[in-house]
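Student:
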Amino acid sequence: LADRFFASEFYRSEVAPYTVQSEVAFFHRVKEGKRNLVVEGVMDLVIDQPERILVVDFKSDSMRFVDGHRGQLSIYTEAATRLYKKKSVGCIIYLREPSRVEIWE
Numbered sequence: 256l257a258d259r260f261f262a263s264e265f266y267r268s269e270v271a272p273y274t275v276q277s278e279v280a281f282f283h284r285v286k287e288g289k290r291n292l293v294v295e296g297v298m299d300l301v302i303d304q305p306e307r308i309l310v311v312d313f314k315s316d317s318m319r320f321v322d323g324h325r326g327q328l329s330i331y332t333e334a335a336t337r338l339y340k341k342k343s344v345g346c347i348i349y350l351r352e353p354s355r356v357e358i359w360e
């Protein structure tokens, strides 16, 4: 599955030219109602592009739960913005079909 990603146009244009970190661990505070929670997570890839940080989350399942992943990516991008002091966007790569990419600004 990884070979498909490395052969993709997305990899060539959005990942390969830039500084990339993998498995970036973080703690992020979120508010749920009146409660403050701390979320611990690991971002699969963090790409430092000139105008933004691109946070990539890989999915290997064949079913797509795009709406179900938005919350996860939202936490990841908030954490990346805080860590890197730069606007962050989230991206899901479905490894079974890496030409299909979902990006949230």
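Plus 255 on top of the position in the sequence shown (first one is 1) and you've got this note's numbering.
C-beta: ideal position from N, C-alpha, C; glycine also.
Since the structure is predicted, the reported quantities are computational estimates derived from the model, not experimental observations.
(1) Would a C-beta distance cut-off of 7 Å place glutamate 295 and phenylalanine 282 closer than the cut-off?
(2) Cα separation between phenylalanine 261 and lysine 289?
(3) Taking only the alpha-carbon atoms, compute the straight-line gap between serine 254 and isoleucine 348 and give it to the nearest angstrom.
(4) Take valine 275 as the anchor and find which of Gln327, Tyr331 and Met298 has the nearest alpha-carbon.
(5) Just to confirm the assignment: which complete alpha helix (DSSP H) runs, minimum length 4, are found wholly within the region 257-296?
(6) Which residues in the same chain as lysine 342 place their Cβ atom closer than 8 Å to its Cβ, once the five residues preceding and following it in sequence are excluded?
(7) Only counting the same chain, and skipping five residues up and downstream in sequence, which positions put a Cβ closer than 7 Å to that of tyrosine 266?
(8) Could you give the distance in angstroms between the alpha-carbon of tyrosine 331 and the alpha-carbon of valine 344?
(9) Less than 7 Å between the beta carbons of valine 301 and valine 279, yes or no?
Tutor: According to the structure shown:
(1) In the sequence shown, counting from the first residue as 1, residue 295 sits at position 40. In the sequence shown, counting from the first residue as 1, residue 282 sits at position 27. Cβ distance < 7 Å, so glutamate 295 and phenylalanine 282 count as in contact.
(2) To locate residue 261, count along the sequence shown from 1; it is residue 6. To locate residue 289, count along the sequence shown from 1; it is residue 34. Cα to Cα, the separation comes out at about 43 Å.
(3) The displayed coordinates of the chain run from 256 to 360. Any statement about residue 254 would go beyond what the structure contains.
(4) Residue numbering aside, residue 275 sits at position 20 when the sequence shown is read from its first letter. Nearest option by C-alpha distance: Met298.
(5) 257-261
(6) The residue labelled residue 342 in the question sits at position 87 within the sequence shown. Hits under 8 Å: Glu306, Arg307, Ile308 and Thr336.
(7) For this step, residue 266 is matched to residue 11 along the sequence shown. Around tyrosine 266: Phe260.
(8) Counting from 1 along the sequence shown, the entry for residue 331 is found at position 76. Counting from 1 along the sequence shown, the entry for residue 344 is found at position 89. Whole-angstrom Cα-Cα distance: 9 Å.
(9) In the sequence shown, the residue the question calls residue 301 occupies position 46. In the sequence shown, the residue the question calls residue 279 occupies position 24. In contact: valine 301 and valine 279 (Cβ atoms closer than 7 Å).
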